[in-house]
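Comments concern the structure below.
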Amino acid sequence: MLRNCHKCYQVFSTPGGEVCPSCQQKARDDFELVRAYLQGQPAAGIEELHRETGVPTEDILEFIRQGRLKSQSVQVHCQICRAPIPAGLACDECRKRLRRVPAGERVYSMEPSTGEKPRKL
84 MLRNCHKCYQ
94 VFSTPGGEVC
104 PSCQQKARDD
114 FELVRAYLQG
124 QPAAGIEELH
134 RETGVPTEDI
144 LEFIRQGRLK
154 SQSVQVHCQI
164 CRAPIPAGLA
174 CDECRKRLRR
184 VPAGERVYSM
194 EPSTGEKPRK
204 L
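Quick note: the sequence shown uses my numbering, first residue 84, plus one each step.
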């Protein structure tokens, strides 16, 4: 199957991936650069990591969201309530609330429950 890479937009053949092999390799190389820098400078912030490694800040944040990197100074935010979290997409509290939503039901608001169904925003 042919598709366009989501990073560089080049056409490539794939059985199902979204990123071409060269962009996958670049992501692995970027990850190793950031990981190695953090080993020597564990308190480095996001701007320092970007400046010293050349890796885009969004890529660094994605490595942290994925749980592949841990940093003393860089945290990502819950994509529901915006609370700082060390890794992942949602904080513990929002994950607990999401588990209580019946399977297949669409979530429109994650405000504290009043016993009513989630409302459309």
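Even for Gly, the Cβ is constructed at its ideal location relative to N, Cα and C. In this text, all values refer to a predicted model and were calculated from it rather than measured experimentally.
- Annotation: M84 to G123 spans about 42 angstroms, alpha carbon to alpha carbon.
- With fewer than 16 neighbouring CB atoms inside 10 Å of its own CB, L181 falls in the exposed class.
- V117: member of the alpha helix (DSSP H) spanning 104-123, first to last residue.
- Apart from the 5 residues on each side of it in sequence, C91 sits with its Cβ closer than 8 angstroms to the Cβ of C103, S105, C106 in its chain, given in chain order.
- Within a 10 Å sphere around the beta-carbon of A186 sit fewer than 16 other beta-carbons, which makes this residue exposed.
- Q149 and D142 have their C-alpha atoms spaced approximately 10 angstroms apart.
- Within the DSSP bridge table, the entry for S154 names no partner.
- Close CB contacts of G171 within its chain, under the 7 angstroms cut and outside five residues either way in sequence, are with R148, G150 (chain order).
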